[in-house]
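Q: Going by mature numbering (1 follows the signal peptide of the UniProt record, and there is no 0), the letters in the sequence shown line up with residues -17 to -1, 1 to 107, in that order.
All C-beta atoms in this analysis are idealised placements derived from N, C-alpha and C, irrespective of residue type, glycine included.
Would you mind keeping the following structure in view while I ask a few things?
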Amino acid sequence: MTFCIFCILLIVKLCCGIGFEGIEGEYCSKRPVYGPNQEVCCKSRDDECTMPILGNHLCYCDYFCLQHQGRDCCPDFYEVCLGQNRPLSTQPPDHEEQKDTAGCEVAIDDWKLGEGAIDNCLYD
């Protein structure tokens, strides 16, 4: 029983720590597009801009996935959406991150506290 708990915790730690890096396959490139205005890669945060991975998990094809070193980006996000290979480091490429403790920065849009709703923002 203790060994099972250890294995589960180890798997969770590995998934949270390294994300989907190193997993082979096509995800963003195979994402279905419905309607004339939808794209394979979403420019802003979009919780529907996902693909299933590793059973019941989701990886993202939106630019918000670049937050937190891109750990929840689909493995082919960098190639399909940015036109480049995933960098050897886990830092997002060409993304100047500006820390703002009074708001929540997303790759494209910036929401400030008091300027409307902030939905599910992630802070370091």
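When you compare only the Cα positions, how much space is there between Gly38 and Gly8?
A: Looking at the two C-alpha atoms, the distance is approximately 14 Å.
Q: Are there 16 or more other CB atoms within 10 angstroms of the CB of Thr(-16), so buried, or fewer, so exposed?
A: Under this definition Thr(-16) is an exposed residue.
Q: Measure from the alpha carbon of Cys56 to the alpha carbon of each residue in Val63, Asn68, Tyr43, then state which is nearest.
A: If we check each option's Cα against that of Cys56, Tyr43 comes out closest.
Q: Could you give the DSSP three-state label for Leu37: helix, strand or coil?
A: Leu37: coil per DSSP, three-state reduction.
Q: Helix, strand or coil for Cys44, going by three-state DSSP, please let me know.
A: DSSP places Cys44 in coil when its eight states are reduced to three.
Q: Looking only at its own chain, which residues have a Cβ that is under 6 Å from the Cβ of Ser12, when we skip the five neighbours before and after it?
A: Around Ser12: Asp59, Val63.
Q: In whole angstroms, give me the CA-to-CA distance for Gln50 and Ser27.
A: Between Gln50 and Ser27, the C-alpha separation is close to 12 Å.
Q: Have a look at Cys32 and Cys24 and give me their C-alpha separation to the nearest angstrom.
A: Each residue's alpha carbon lies about 7 Å from the other.
Q: For Asp30, I'd like the list of residues in its chain whose CB is within less than 7 Å of its CB, leaving aside the five on either flank, ordered along the chain.
A: Closer than 7 Å at Cβ, skipping near neighbours: no residue.
Q: In terms of DSSP beta bridges, what is Cys11 paired with?
A: Answer is none; Cys11 lacks a bridge partner.
Q: For Glu22, which residues of its own chain have a beta-carbon under 7 Å away from its beta-carbon, when the five flanking residues on both sides are left out?
A: Cβ within range, chain order: Val16.
Q: Going by DSSP, what residue range makes up the alpha helix (DSSP H) through Val16?
A: Val16 -> no alpha helix (DSSP H), and no H or E assigned at all.
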